[in-house]
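Working notes for the structure below.
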Amino acid sequence: MDLGPSLAEWTREQPLSILQLDPADRAVLRIADERDAIQKKTFTKWVNKHLIKANKRVDDLFVDLQDGHSLLSLLEVLSGETLPREKGRMRFHMLQNVQTALTFLRYRKVKLVNIRAEDIVDGNPKLTLGLIWTIILHFQISDITFTQNNENLTAKDALLRWAQRTTDRYPGVKVRDFTSSWRDGLAFNAIIHRNRPDLVDFRSCRTRTVRENLEVAFSVAERELGVTRLLDPEDVDTPQPDEKSLITYISSLYDVFPEPASHHPFAEDEKLRKAEEYRDLSSSLHTWLRTSTTLLQSRSFPPTLSEVKQLQTENARFRQEEVPPRLQDKQRLTKLWRDEVHSLVREQRLHVDAELTPDNLEASWQRMLTAHADRERALKDEAVRLEKLQRLAEKVHREAKNCDARLDDVERRISDEEPRLGRLHPADAKRVCDQVDRDLRHIEDTLKALFRDVQLLFDGRYHRASELHKLVQKLHQRWSDLRLAYQQRLLAPLSSKQYKLEERKVTKQRQVISESRLVETHEYLKFLQSCLDWVQEKLRQLETVEWGCEVPAVQAALERHQADHRLIDQFQKNVDMCISRQGHFEEGSEERAQYQKQLAQLERGFSELLVLSNKRLSDLDALLEFAQSAAAEMRWLQERQQPEVMRDWSSPTLNLVDLEQHQGTLTAEVEARESTFNATLDLGSSLVRQQHPAARAIEAQLSALQAQWAWLLELLRALEAHLRHAAHYHQFFKEARECEQWMQRGEERLNTTFSRPSFSLEEGERLLQQMQELREDLARYAGIVNALLERSRQVLPLKQRRAPLPRPLRVTAVCSYSQLNMTVARGEQCWLHDNTQRDRWKVANAKGHEGQVPGVCFMIPPPNPEAIELAESLKRKYDLVVKLWTKKQHKLRLNMIFATIKIVKAWDLKTFRAMEPSQRESIIRALNEDAEKLLAEGDPTDPDMRRLREEIRLCNKLFEDLMAKLREEEAEKSPESPSRRFADLSARLEKLLQEKERTLNSRTQAHIPRDVDSLDALVVQHKEFEEGLQDLEPQVAEMRVAFKQMTKKTPTTQDRHDGVVRLWDRIWNLSHLYVERLKAVEIANHGLSEATTFVSSVEEQLAAQGPMPEEQTALRQVHEDLVALQLELQQQQPQLDRLAEDVASVRKVTERSRPNAYSHPDVRKLEDDLRKVVRRWDNAANQLAERLRSCEAASELLRAYRNKMDEERNWASQATVRVNAVKTARPSVDRQQALAAAQERC
């Protein structure tokens, strides 16, 4: 994005408070104008969207709203109300229209912050946009609600939640805010697709560009959904889209789709796809687990060791190659089940077999792992078992070969001794037979042992057991044949032959002399004697030969014996020649007897020599095999031991990475070599068990091998320990050097970059930021330095391993060592006396024994003075750098404050007025706070501190002076000034009070009500009126306060104030009069109603009375009733008088409330009604008095009549009944006539 002019040019055009911002904030402010342009375009479209209903349109939002007409029309369309407006085009008309709009918004509880009518009329871009945004928030966005988990959200947050819920599960759509989340256009398309999938193909969005996606969404929304196109693609496809513009457009989409469609087209397809994926993947995994578990549980192993080892390799490959991908499949299935499938199964929209659920798959997985571990152990055990069987089979084969050779020897001896048996002396023949029998018994024992071993091979199911069994059986059969041949060919002839015993009495000396003379004198006897001597010498040599286990010696011995064995084989010719020459002697001669005796000795000795030679040849072969194997193992061990013993752990060029790899390689080699080593040990142990002639040497060799193997294992432990200590050593010094280098670089930066005497404000801000970053690095390195200081106490002094020893040094054994009389246990504390030889140190163990021990067995324990000194020097260096940073930062802050003071001192009133109050206050406040911190931290006697204190004082004085001037200048202009507030309040109050007065006047001129309901309605209506009037009292009080606070009061303002106060008082007085009139009317109406009712009751009672009764008693009762009615009438007379007074009060109050009216027909009507009631009252009273007089006259007449009747009773009694009746009727007629006359008088 083009950010416009350079930073320096842009800064010169902005308020000075921008200098307080860091470069990142300044870069943000540089693109504010572009955002304003986008907002202006969006808000203009939104305003026109509503103004079209009023047949209006705005082209330039900042210009067309200045007159207030378009603003009022917009509010009328949005609210449905009609607002007053000024028709003129003058500025005061425009101000009045805009003020009406602002007042209406405040009446609708819309919060307007620092927006005045003058700002809109003057076309202020920021405040105009702010006003339209406030209107959008109130009329379009404020109704958006969203409640979740009892959490009430703002309208903005609710709109964001709506967008998130609508676009949920759409790939690539993640709505987090109202800016960058909408840039790619996918969210707009997702909203449309979610509610109208027929309008947008969401999958094709991936193949379109960002602006194409935005164009599709905006066009479809406008064409198909009627959503006004408030945005264009280029408005959204920016690094930071405008939030307000996006909220405005998104809220329009919300109006169309307030609730997302219950059917999620993309999510349902995705759900089904994932469900199908789960079904396929779980089925595949279940099949694999079942097959693998069955295979792993199988224990039908092959019979050969190579095949078992192949199975071990395959088992390891299974774990390394097949299990990891399936583990990923299982994890994928768990995620699919948790995210999608479980809900479908719970809603019974998808059926999944029980065995394919994650829990069952996990159980199957664990069974598979258990089966794999069991199989691995079983294969290992099987391999060990087969190795033992293999060694046993090799032993059987070797023993069978030796046995076969020994049988050959026995067979040859039988064949050789058979023809000579008859010529031998019985004792010699018996010795020959005993020797053959002894050899056959030895072979029998060997065969029995071989049968036992073969049985073990059969029991172990060794694959070549049958073959070896046949071999041993063949040997046994041969042995049986030889045994039978021995019995038939040697023992039977010997037992059937009879020997004649001769008694000879000669002295031994004579016999020896005689034999010696014969040997010396006879050539054949001499040759036989030489042969016998050679055989005896060879036997002596074979019996006294020494055995060793060194390969060259064994090989040499084997070669020598092979040569001797060939000589022995060749010597058979001499034996045969001797045998053939016995025929040259005469039968029975002394020479013949002597010859036969010596020949028998020769044959017996030669036979024994052959057996011993064959046995030694076999023993040498077996010994050579063991010696070569042992030598190879010993050589391998020594090759691994030598580098470890000779390694210099104090070398500065030690490569720890290579050593770690070497350790791993050596450990692996030892593990792999262990089976070969054990085979060698088994071979030697087998020879020892077979009582090999070199058993002692073999046992010694076995002990040496085991000792060397144990020594190699100890060297491995030493390697691990030294590697750990060396890694700690080198890591410590590496980190310490890096820390030291960093502090050196930091010190150089502090002494160069941050020591500049002058710089611009922008450079100062950058330097301060860098200083703060350096301080954060220093804080981080504080922990590093402290950690190094702590670790330095645990670093081993490796260099001391090759340094001369001024005195004995205590060392610790890292491995065990044992040789001759010098034994050192791992962890034992020893004293080092001499380390001049790397591979041999002279030490004394804990028991005081001195000896030469490889240096690799020991470590020199901490402390390491060099490491401690380095760590302490780092700590001192760090403290110096921190002090230097504090000093440089203090100086840099001081220079920054002076630079800011220079800018502040350049302020004039115009510049000061152009700044926002919060900006200039924040500048001066930050300046004072920074200065106070520096003054508190610095030395009061420092000239810079004194200068700073004086400069701050001058800056504060300048700020106060400018503020005073600004207050004086803006006192009259400010909407918060007393005069401005008085003018606004007085104008508004005057208008409202005049309207109130008109309303009250119309009510006072209205006819007074006569019925109770109308009167009650007027009372309630006026009560509401007075409450509304009471609400204006704070404004009147505020107007009076503003008037008192005005410094300059003109006659016009005084008259306006007095006029409003008079109007206020006049309305209240008139209101009180109106209330008093309502009360008087209510009383008068009530009294008049009661009086009318009473009079009507009296009249009804009078009208209800008939003619005067004829009986005295009844007449008396009538008289009493009339007297009581008259008394009641007299008692109500005061009420009638008060009614007259109330009516008079009504007239009086009505005349006061209608000062300009000369006639009051409604009051006159009330008075007429009162007069009518009074007349009726008087008529009733007169009529009642006349009735009483008539009743009294009737009573007198009746009394006179009764007296006269008594007088006439005497003669009347004599008259007839008819005459009496006539006489009786006549007085009745007279009475009726008298009553009629009385009524007429009344």
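Sequential numbering from 1 applies to the sequence shown in full-length UniProt numbering.
For glycine and all other residues, C-beta sits at the position ideal for the given N, C-alpha and C.
These numbers were taken from a predicted model, which means no experiment stands behind them.
Residues bridged to residue i (per DSSP)
i: Trp841; result: Val853
i: Tyr817; result: Val824
i: Leu809; result: Leu832
i: Met859; result: Thr812
CB contact flag (residue i, residue j, <9 Å)
i: His725; j: Met859; result: yes
i: Glu362; j: Lys335; result: no
i: Val210; j: Gly185; result: yes
i: Leu129; j: Ala101; result: no
i: Leu759; j: Met771; result: Reading off the sequence shown, one finds Phe at residue 759, where the question assumed Leu. No. Outside cutoff.
i: Trp649; j: Phe677; result: no
i: Trp337; j: Thr313; result: no
i: Arg949; j: Ala931; result: yes
i: Arg756; j: Leu768; result: no
Straight-line gap, residue i to residue j (C-alpha atoms, nearest Å)
i: Val519; j: Leu490; result: Note that Val519 has pLDDT 48, beneath the 50 cutoff, so the model's placement of it is unreliable and no number is given.
i: Val881; j: Gln642; result: 49 Å
i: Asn574; j: Gln690; result: 35 Å
i: Lys56; j: Glu995; result: 32 Å
i: Pro5; j: Leu894; result: Residue placement at Pro5 cannot be trusted, given a pLDDT of 43 that sits under 50; what the coordinates show is reported in the next sentence. Pro5 and Leu894: Cα-Cα distance of roughly 31 Å.
i: Phe959; j: Leu934; result: 21 Å
i: Ser1159; j: Asp1168; result: 15 Å
i: Gln432; j: Arg441; result: It should be noted that the sequence gives Val, not Gln, for residue 432. C-alpha separation (whole angstroms): 14 Å.
i: Pro1009; j: Asp119; result: 52 Å
i: Glu243; j: Ala261; result: 26 Å
i: Gln601; j: Lys615; result: 21 Å
i: Lys888; j: Ile901; result: 20 Å
i: Ser1071; j: Glu1026; result: 8 Å
i: Val1118; j: Ser1145; result: 40 Å
i: Ala867; j: Gln731; result: 11 Å
i: Thr812; j: Pro862; result: 11 Å
i: His692; j: Ser618; result: 10 Å
i: Gln1021; j: Trp46; result: 42 Å
i: Ser251; j: Leu153; result: 16 Å
i: Leu1166; j: Asp1142; result: 11 Å
i: Glu259; j: Glu276; result: 29 Å
i: Leu311; j: Arg346; result: 44 Å
i: Ser1096; j: Lys1023; result: 35 Å
i: Gln1132; j: Leu1102; result: 17 Å
i: Arg517; j: Val545; result: In this predicted model, Arg517 has a pLDDT of only 45, less than 50, meaning its place in the structure is not dependable; the value taken from the coordinates is given anyway. Taking the straight line joining both Cα atoms gives about 34 Å.
i: Arg194; j: His263; result: 8 Å
i: residue 1252; j: Arg299; result: This structure leaves residue 1252 out entirely; the chain is present only between 1 and 1242.
i: Ala221; j: Arg229; result: 8 Å
i: Thr836; j: Val645; result: 14 Å
i: Phe585; j: Pro426; result: 20 Å
i: Leu962; j: Asp908; result: 8 Å
i: Glu502; j: Arg483; result: Because the pLDDT at Glu502 is just 42, under 50, the model does not fix this residue reliably, and the point stays unresolved.
Residue i CB to nearest heavy atom of the ligand GDP below 8 Å
i: Pro1034; result: As far as ligands go, the structure on display features none, and thus does not contain the ligand GDP.
Supposed close pair residue i, residue j - CB separation, criterion 8 Å
i: Leu687; j: Leu612; result: With 8 Å as the limit, Leu687 and Leu612 do not qualify as a contact, their Cβ atoms being about 18 Å apart.
i: residue 1246; j: Trp885; result: An answer regarding residue 1246 cannot be provided, because it is not within the stretch 1 to 1242 covered by the chain.
i: Gly764; j: Ala899; result: 6 Å
i: Gln487; j: Ser607; result: About 18 Å; that fails the 8 Å criterion.
i: Leu715; j: Thr680; result: No, Leu715 and Thr680 are not in contact; Cβ-Cβ is about 20 Å, not under 8 Å.
i: Ala54; j: Glu34; result: Not quite, the Cβ-Cβ distance comes to about 31 Å (not below 8 Å), so this is no contact.
Decide yes or no for the touch test of the stretch 36-47 against the stretch 229-247: beta carbon pairs closer than 8 Å, at least 3 of them. Judged by Cβ distances under 8 Å, the stretch 36-47 makes contact with the stretch 229-247, as three or more pairs qualify.
Could you check whether the stretch 818-830 touches the stretch 781-788, counting it as contact only if at least three pairs of C-beta atoms, one from each stretch, sit closer than 8 Å? Touching, no.
Within 8 Å, do at least three Cβ pairs link the stretch 976-987 to the stretch 1037-1054? Touching, yes.
How about the stretch 451-470 and the stretch 385-405: do they share at least three Cβ pairs that are nearer than 8 Å? yes
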